[in-house]
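**Student:** For any residue, its number in my numbering is found by taking its place in the sequence shown, counting from 1, and adding 17.
I have a structure I would like to understand better, so I am pasting it below and will then ask my questions one at a time.
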Amino acid sequence: SLDNLTPRDVYLGQGEKIKNIRETIKQNSINKRIFDNKTMKYQSK
18 SLDNLTPRDV YLGQGEKIKN IRETIKQNSI NKRIFDNKTM KYQSK
(Lines of atoms letter the chains of each structure in order from A and count residues from 1; the text may use other names and numbers.)
(Lines give C-alpha, C1' and ligand atoms only; values in the text may rest on other atoms or scores of the structure.)
Protein backbone atom coordinates (compact mmCIF):
# COMPACT_ATOMS: atom_id res chain seq x y z
CA SER A 1 0.00 0.00 0.00
CA LEU A 2 1.30 3.42 -0.93
CA ASP A 3 -1.05 5.35 1.41
CA ASN A 4 -2.51 7.30 -1.53
CA LEU A 5 0.94 8.52 -2.59
CA THR A 6 2.36 8.43 -6.07
CA PRO A 7 5.16 5.95 -6.68
CA ARG A 8 7.39 8.91 -7.54
CA ASP A 9 6.83 10.47 -4.10
CA VAL A 10 7.65 7.20 -2.38
CA TYR A 11 10.75 6.68 -4.53
CA LEU A 12 12.03 10.20 -3.84
CA GLY A 13 11.42 9.81 -0.11
CA GLN A 14 8.73 12.46 0.18
CA GLY A 15 6.12 10.09 1.61
CA GLU A 16 6.51 11.05 5.28
CA LYS A 17 6.56 14.76 4.46
CA ILE A 18 3.33 14.49 2.47
CA LYS A 19 1.65 12.41 5.19
CA ASN A 20 2.62 15.02 7.81
CA ILE A 21 1.20 17.82 5.68
CA ARG A 22 -2.04 15.88 5.21
CA GLU A 23 -2.30 15.22 8.95
CA THR A 24 -1.85 18.95 9.65
CA ILE A 25 -4.56 19.83 7.12
CA LYS A 26 -6.85 17.22 8.67
CA GLN A 27 -6.36 18.62 12.18
CA ASN A 28 -6.96 22.18 10.95
CA SER A 29 -10.17 21.08 9.24
CA ILE A 30 -11.43 19.31 12.36
CA ASN A 31 -10.62 22.30 14.56
CA LYS A 32 -12.37 24.68 12.15
CA ARG A 33 -15.45 22.45 12.09
CA ILE A 34 -15.56 22.36 15.90
CA PHE A 35 -15.16 26.14 16.10
CA ASP A 36 -17.83 26.77 13.44
CA ASN A 37 -20.28 24.43 15.17
CA LYS A 38 -19.74 26.18 18.51
CA THR A 39 -20.25 29.64 17.01
CA MET A 40 -23.42 28.51 15.20
CA LYS A 41 -24.75 27.08 18.45
CA TYR A 42 -24.37 30.43 20.22
CA GLN A 43 -25.65 32.51 17.30
CA SER A 44 -28.94 30.65 17.10
CA LYS A 45 -29.94 31.57 20.66
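For every residue, glycine included, the Cβ atom is placed at its ideal position computed from N, Cα and C.
Can you give me the Cβ contacts of Leu3 inside the same chain, cut-off strictly under 7 Å, excluding the 5 residues immediately before and after it?
**Tutor:** As shown, the chain starts at 18 and ends at 62. That puts residue 3 outside it, with no answer to give.
**Student:** Between the C-alpha atoms of Asp53 and Gln60, what's the straight-line distance to the nearest angstrom?
**Tutor:** The residue labelled residue 53 in the question sits at position 36 within the sequence shown. The residue labelled residue 60 in the question sits at position 43 within the sequence shown. Roughly 10 Å separates the two Cα atoms.
**Student:** Quick check: the Cα distance between Arg50 and Glu40, rounded to an integer number of angstroms?
**Tutor:** Walking along the sequence shown from the start, residue 50 turns up at place 33. Walking along the sequence shown from the start, residue 40 turns up at place 23. If I take the Cα positions, the gap works out to 15 Å.
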